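*Asks:* The opening residue of the sequence shown carries number -7 in this note's numbering; numbering runs sequentially from there.
Idealized CB from N, CA, C, for every residue including glycine.
All of these numbers come straight from a predicted model, not from anything done at the bench.
Okay, here's the structure, questions in a sec.
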Amino acid sequence: MMCGLEIHVQLETDSKLFCNCPTNYQEAEPNTNVCPVCLNQPGAKPMPTNEKALENALMISLMLNCKIDKNFTYFMRKHYDYPDLPCGYQKTSVPIGYEGELNGVRIREIHMEEDPGQYKPDRGIVDYNRSGIPLIEIVTEPDMKSPEEARNFLKELIRVLQYSGGARGEGTMRADVNVSINGGNRVEMKNINSIKGAYKALKFEVIRQKNLAKRGVEVKQETRAYLESQMITVAMRTKEDADDYRFIPDPDLPPMEVQESEIVRISEEMPEAPHNKVSRFIEQYGIDEESAKVLTSELDLAQTYEEVAKEVDAKLAAKWMRDELKRVLTYNKLDFAESGIVAGDLIEFIQMIANKEITAKAAHKLIEQMPNNKQTPKAIAEEMGLIGVVKDDEVRKAAEQAVAENPKAVDDYKNGNKGSINFLMGQVMRLTRGKADPGETVKILKELLE
């Protein structure tokens, strides 16, 4: 399998690419965020290109390790006839960034274009509120060899876009997926709206093309639509080549020259890309790659970890934030930014563990109560009766009692069933009301048993 992606994502701006209409199209009544420019009324001419959109496109290109084209940037007219495109062509720039790389996938180019309107063929209506919103299109080389690789690339790309603050993320993403098998004809699947959709569409299309090859049928070069409700792809039209769009430079828009000083400024001001942050976390904090990836999965989480690591042991913080904090967030279906947990809460929580004010078992219970709780971790722990770790001599007494009262578990352990120590551990925890340190308890039990 060879797979390449063309990913369209809206840029974060207040106004459209060539006019002053607002970009909050999802909140507005249909066909109210419009003007003669974005409706292409006779005599209406586009305004100069939205400067913020160009800055965001440059920043994302740099974060994806692209070279920046130092020649004049200008817009082309890409001609095709569809109801959501009032002028019969889409304004598309020449590449701004090129020869980038992410996750081992080469990025051929990044260019800007305007979003079309929203056409509903079943009702025969078009809402032009979205028409003219700035987009970037990220075009990859066909470097992905499996649906899983494509899914991983899209996840990493969405993370970069979220970090950048210059794009609107997965909610506005539309991907065109190009796939071929064993050097055969390329099939394009249009307007897939999610990572999960791209993965499922690829899984189906690979099987469809393999089955055609088994029957000796040549795969057509065509454009297909993915029907998520049925999890199949259906033919739309024969695949166009670039010549079919009849590209010409747009005479209404002046060319722009990106100054070297502008590239330097954006490079200095832009956020650290998540893949670069992963490498730095591994080196700076001495944590493993998997922990670094989890901790950088959200920008707010990564920033909070760095604050916490200044005050407590970085590896201990990474362990609890990677495993238990993410477990609790996932269970509650929360992003870290929505959890209400701040760096100070996590510092206090981890200090309680490090100072043995609470056991690991108590810490598991405590962290489950922390999301959107206005109390401090210590106050929550006191309220729940979790404070306190019993002394070693009390643990030993409880362990001796557990061994004396459970001879079968002791015999099982001595006969090679090492798992029976977990039962005895549970008995010690019951006798100490969960306040025995698990590590010390295991040591004492092993000493008594062996």
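Quick one: what's E93 bridged to in DSSP?
*Replies:* Mapped onto the sequence shown, residue 93 falls at position 101. Looking at the DSSP assignment, E93 forms a beta bridge with R98.
*Asks:* Could you check where the beta strand (DSSP E) with S85 kicks off and where it finishes?
*Replies:* Locating residue 85 in the sequence shown gives position 93, where the first residue counts as 1. S85 -> beta strand (DSSP E) spans 81 to 85.
*Asks:* Going along the chain, which unbroken runs of the beta strand (DSSP E) with 3 or more residues stay wholly within the stretch 198 to 224?
*Replies:* With a minimum length of 3 residues, the continuous beta strand (DSSP E) runs that stay inside the stretch 198 to 224 are 214 to 219.
*Asks:* Am I right that E162 and I150 are in contact with their C-beta atoms under 8 Å? What's the rounded C-beta distance?
*Replies:* Within the sequence shown, numbered from 1, the residue matching residue 162 stands at position 170. Within the sequence shown, numbered from 1, the residue matching residue 150 stands at position 158. That belief holds up - the Cβ atoms of E162 and I150 are roughly 5 Å apart, short of 8 Å.
*Asks:* If you scan the stretch 121 to 196 from start to end, which runs of the beta strand (DSSP E) of 3 or more residues do you find wholly inside it?
*Replies:* Listed in chain order, they are 126 to 132, 166 to 172, 179 to 184.
*Asks:* Could you tell me the distance, in whole angstroms, from the CA atom of Q393 to the CA atom of L423?
*Replies:* The count along the sequence shown starts at 1 and reaches residue 393 at position 401. The count along the sequence shown starts at 1 and reaches residue 423 at position 431. Near 9 Å, if we compare the C-alpha coordinates of L423 and Q393.
*Asks:* In the stretch 247 to 301, which residue ranges form an unbroken alpha helix (DSSP H) of at least 4 residues, counting only runs that do not cross its ends?
*Replies:* Here the runs fully enclosed are 252 to 261, 266 to 277, 281 to 287, 291 to 301.
*Asks:* What separation, rounded to the nearest whole angstrom, lies between the Cα atoms of E133 and V211?
*Replies:* Residue 133 sits at position 141 when you count from the first residue of the sequence shown. Residue 211 sits at position 219 when you count from the first residue of the sequence shown. Taking the straight line joining both Cα atoms gives about 21 Å.
*Asks:* Suppose you measure from the CA of F273 to the CA of N203; what does that come to, to the nearest Å?
*Replies:* Sequence index remark: in the sequence shown, residue 273 carries index 281 (1-based). Sequence index remark: in the sequence shown, residue 203 carries index 211 (1-based). Roughly 46 Å between the two C-alpha positions.
*Asks:* From the DSSP output, in three-state form, read off Y17 for me.
*Replies:* Within the sequence shown, numbered from 1, the residue matching residue 17 stands at position 25. Of the three classes helix, strand and coil, the one that applies to Y17 here is coil, per DSSP.
*Asks:* Alpha carbons only, please: which of E214, G208, S186 is nearest the one belonging to E197?
*Replies:* Translated into the one-based positions of the sequence shown, residue 197 becomes position 205. Checking every option, the nearest Cα to that of E197 belongs to E214.
*Asks:* How far does the beta strand (DSSP E) with A(-6) in it reach, from first residue to last?
*Replies:* What you label residue -6 is simply residue 2 of the sequence shown in a count that begins at 1. It is worth fixing the name first, because residue -6 is Met in this sequence and not Ala. Residues -6 to 2.
*Asks:* Among the residues of its own chain, which have a CB less than 6 Å from the CB of E220, if the five just before and after it don't count?
*Replies:* Walking along the sequence shown from the start, residue 220 turns up at place 228. So the list reads G189, once near-sequence residues are dropped.
*Asks:* Where does V118 sit, in a helix, a strand or coil, going by DSSP?
*Replies:* As a first step, residue 118 must be located in the sequence shown, where it is residue number 126. In the structure shown, V118 sits in a strand (DSSP, three-state: E or B).
*Asks:* Rank Q33, T225, I99 by C-alpha distance to the C-alpha of K59 and give the top, closest one.
*Replies:* As a first step, residue 59 must be located in the sequence shown, where it is residue number 67. Of the candidates Q33, T225, I99, the one whose C-alpha sits nearest the C-alpha of K59 is I99.
*Asks:* With DSSP run on the structure shown, which of helix, strand or coil describes Y111?
*Replies:* Start at 1 with the first residue of the sequence shown, and residue 111 comes out as number 119. It is a strand residue.
*Asks:* According to DSSP, is T65 helix, strand or coil?
*Replies:* The residue you call residue 65 lines up with position 73 of the sequence shown. It is a strand residue.
*Asks:* Could you check the C-alpha separation between G336 and P430 for me, to the nearest Å?
*Replies:* To locate residue 336, count along the sequence shown from 1; it is residue 344. To locate residue 430, count along the sequence shown from 1; it is residue 438. So the two alpha carbons sit approximately 26 Å from each other.
*Asks:* Do L3 and L94 have their C-beta atoms within less than 8 Å of each other?
*Replies:* The residue labelled residue 3 in the question sits at position 11 within the sequence shown. The residue labelled residue 94 in the question sits at position 102 within the sequence shown. No, the pair does not count as a contact, with Cβ atoms beyond the cut-off.
*Asks:* If you scan the stretch 358 to 437 from start to end, which runs of the alpha helix (DSSP H) of 4 or more residues do you find wholly inside it?
*Replies:* Taking only runs of at least 4 residues, the alpha helix (DSSP H) segments lying wholly in the stretch 358 to 437 are 369 to 376, 384 to 397, 399 to 406, 412 to 423.
*Asks:* How many angstroms separate the CA atom of R143 from the CA atom of E254?
*Replies:* By 1-based counting over the sequence shown, the position of residue 143 is 151. By 1-based counting over the sequence shown, the position of residue 254 is 262. One C-alpha to the other measures close to 34 Å.
*Asks:* With distances taken Cα to Cα, identify the nearest neighbour of I240 among Y81, V1, S7.
*Replies:* Translated into positions along the sequence shown, residue 240 becomes position 248. Considering only alpha carbons, the answer is Y81.
*Asks:* If we ignore side chains and look at the alpha-carbon of each, how far apart do I184 and V169 end up?
*Replies:* The sequence position of residue 184 within the sequence shown is 192, counting from 1. The sequence position of residue 169 within the sequence shown is 177, counting from 1. Their backbone Cα atoms lie some 8 Å apart in a straight line.
*Asks:* What residue does the alpha helix (DSSP H) around K307 start on, and which one ends it?
*Replies:* Position 315 of the sequence shown, counting from 1, holds the residue named residue 307. Run containing K307: 306 to 312, per the alpha helix (DSSP H) assignment.
*Asks:* When DSSP builds the beta bridges, which residues end up paired with H103?
*Replies:* Residue 103 sits at position 111 when you count from the first residue of the sequence shown. In the DSSP output, where bridge partners are listed per residue, H103 has E129.
*Asks:* Grab the span of the alpha helix (DSSP H) containing V320 for me, first residue to last.
*Replies:* As a position in the sequence shown, residue 320 is number 328, starting the count at 1. Looking at the DSSP string, the run of the alpha helix (DSSP H) that includes V320 is 318 to 323.
*Asks:* Are at least three pairs of beta-carbons, each pair with one atom in the stretch 271 to 289 and one in the stretch 309 to 327, less than 8 Å apart?
*Replies:* Yes, since at least three Cβ pairs between the stretch 271 to 289 and the stretch 309 to 327 fall closer than 8 Å, the two stretches touch.
*Asks:* Roughly how many angstroms separate the alpha carbons of D244 and Q33, rounded to a whole number?
*Replies:* For this step, residue 244 is matched to residue 252 along the sequence shown. For this step, residue 33 is matched to residue 41 along the sequence shown. Looking at the two C-alpha atoms, the distance is approximately 14 Å.
*Asks:* On the DSSP bridge list, what partners appear for K59?
*Replies:* Position 67 of the sequence shown, counting from 1, holds the residue named residue 59. Bridge partners of K59: Y90.
*Asks:* Going by beta carbon distance, what residues of the same chain come within less than 8 Å of M68, once the five residues before and after it are set aside?
*Replies:* Counting from one through the sequence shown, the residue named residue 68 turns up at place 76. So the list reads K83, T84, S85, V86, F239, I240, P241, D242, once near-sequence residues are dropped.
*Asks:* For my contact list, G462 and P263 are in at a C-beta cut-off of 8 Å; report their separation, rounded to the angstrom.
*Replies:* Absent from the structure is residue 462, since the part of the chain shown begins at -7 and ends at 442.
*Asks:* Along the chain, where does the alpha helix (DSSP H) containing L338 start, and where does it finish?
*Replies:* As a working note, residue 338 is residue 346 in the sequence shown. L338 -> alpha helix (DSSP H) spans 335 to 346.
*Asks:* Could you tell me which residues DSSP puts in a beta bridge with K70?
*Replies:* Translated into the one-based positions of the sequence shown, residue 70 becomes position 78. According to DSSP, K70 bridges with Q82.
*Asks:* Closest to I359 by CA distance: which of V395, E386, A391, T322 is it?
*Replies:* Here the question's residue 359 lines up with position 367 in the sequence shown. When each option's Cα is compared against that of I359, the closest is T322.
*Asks:* Within 10 angstroms of its Cβ, does S172 collect 16 or more other Cβ (buried), or is it exposed?
*Replies:* Along the sequence shown, one-based indexing puts residue 172 at 180. Flag for S172 reads buried.
*Asks:* So the candidates are H103, D107, P75; which of them puts its Cα closest to the Cα of R446?
*Replies:* Summary: the structure shown does not reach residue 446, with the chain confined to residues -7 through 442, and so no result is reported for it.
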